[in-house]
Amino acid sequence: MPIPKYPVLFYKPITSLTGPTDPIPIHALAQQFSGLDYECELVAVIGKACSDVPESSALDYVLGYSVGNDVSHRDWQLKYGGGQWGLGKGFDGWAPYGPGIVSPKLIPDPQNLKISTKLNGKTVQESSTGDMIFGIAKTIAFLSQGTTLLPGDLIFTGTPQGVGMGRKPQLWLKDGDVVEVGLEGVGTCVNKVEFAKEKSKL
């Protein structure tokens, strides 16, 4: 894909959040189509309210860093969501993160951390946050334009190569799969994929 001129942003609802060892629930709607994917991501946690902040001071508003899995359903993201990415990424429980929030005092350079994903014990993503197109500071500065960021806001920052959509053959998550997303200096989220048993009402 071409490199975007500006960060590509979308919102995930608070109901997407779940813990570092909780199961990832897959709603019946998301089981009707293919495309259930994983994305390891560096997460920045906002520590104090900020608006229209310059890139040079953006990191002053970060409480700490974590790691998360931006669970995504590609068909809902690109086909059935009416062009709105959030519909393919915002199902309940589709934003596990943790296992903690690490102070910037312990991670002075968030753009120099190893990041990875394992699927059922096999490494499928392995990279560095140094490869991010838009770093944390630039992302916060861009996102805070006209939008006040509040304490506790989480910013998932994009994923490296190796996602299931980009593989040949494509690799989609299945019921019972175990996904581990890890970030140097933070730790690892280990979450099991659990398909809901009820049928969709739509």
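Using this note's numbering, you'd call the opening residue of the sequence shown number 5 and step up by one each time.
Don't be surprised by glycine CBs; every beta carbon is placed ideally from N, CA and C.
Count the other C-beta atoms from every protein chain shown that fall within 10 angstroms of the C-beta of residue i, then say buried if there are 16 or more, exposed otherwise.
i	result
residue 40	buried
residue 110	exposed
residue 65	buried
residue 53	exposed
residue 50	buried
residue 19	exposed
Report the rounded CA-to-CA distance for residue i versus residue j, giving the unit in angstroms.
i	j	result
residue 5	residue 176	20 Å
residue 100	residue 79	21 Å
residue 86	residue 13	16 Å
residue 67	residue 106	8 Å
residue 182	residue 135	26 Å
residue 180	residue 150	42 Å
residue 200	residue 194	19 Å
residue 48	residue 127	24 Å
residue 83	residue 43	19 Å
residue 164	residue 60	25 Å
residue 23	residue 121	17 Å
residue 222	residue 130	In the structure displayed, the chain extends from 5 to 206; residue 222 sits before or after that span and is not available.
residue 102	residue 173	30 Å
residue 70	residue 46	6 Å
residue 7	residue 137	8 Å
Quick one: what's got a C-beta closer than 7 Å to residue i's C-beta in the same chain, skipping five residues either side?
i	result
residue 10	146
residue 15	90
Just to confirm the assignment, what range does the beta strand (DSSP E) spanning residue i have?
i	result
residue 178	Taken as a continuous stretch (DSSP letters only), residue 178 belongs to no beta strand (DSSP E), as it is neither H nor E.
residue 129	126-132
residue 82	That residue, residue 82, is in no beta strand (DSSP E); its alpha helix (DSSP H) goes 78-82.
residue 119	118-123
Less than 6 Å between C-beta atoms, sequence neighbours within five positions excluded: which residues of the same chain meet that for residue i?
i	result
residue 139	115
residue 55	148, 152
residue 141	59, 62, 63
residue 144	62
Here's a check: name, in chain order, each residue in its chain whose Cβ is nearer than 8 Å to the Cβ of residue i, leaving out the five neighbours to either side.
i	result
residue 211	Any question about residue 211 goes unanswered here, given that the chain covers just 5 to 206.
Along the chain, where does the alpha helix (DSSP H) containing residue i start, and where does it finish?
i	result
residue 140	140-147
residue 34	32-35
So that I know if they touch, is there some Cβ in chain D lying closer than 9 Å to that of residue i?
i	result
residue 191	Any reference to chain D falls outside this structure, which holds one protein chain only.
Practice problem: Decide yes or no for the touch test of the stretch 91-99 against the stretch 21-33: beta carbon pairs closer than 8 Å, at least 3 of them. | Solution: yes
Quiz item: Three or more C-beta pairs closer than 8 Å, one from the stretch 179-191 and one from the stretch 111-118: is that the case here?
Solution: yes
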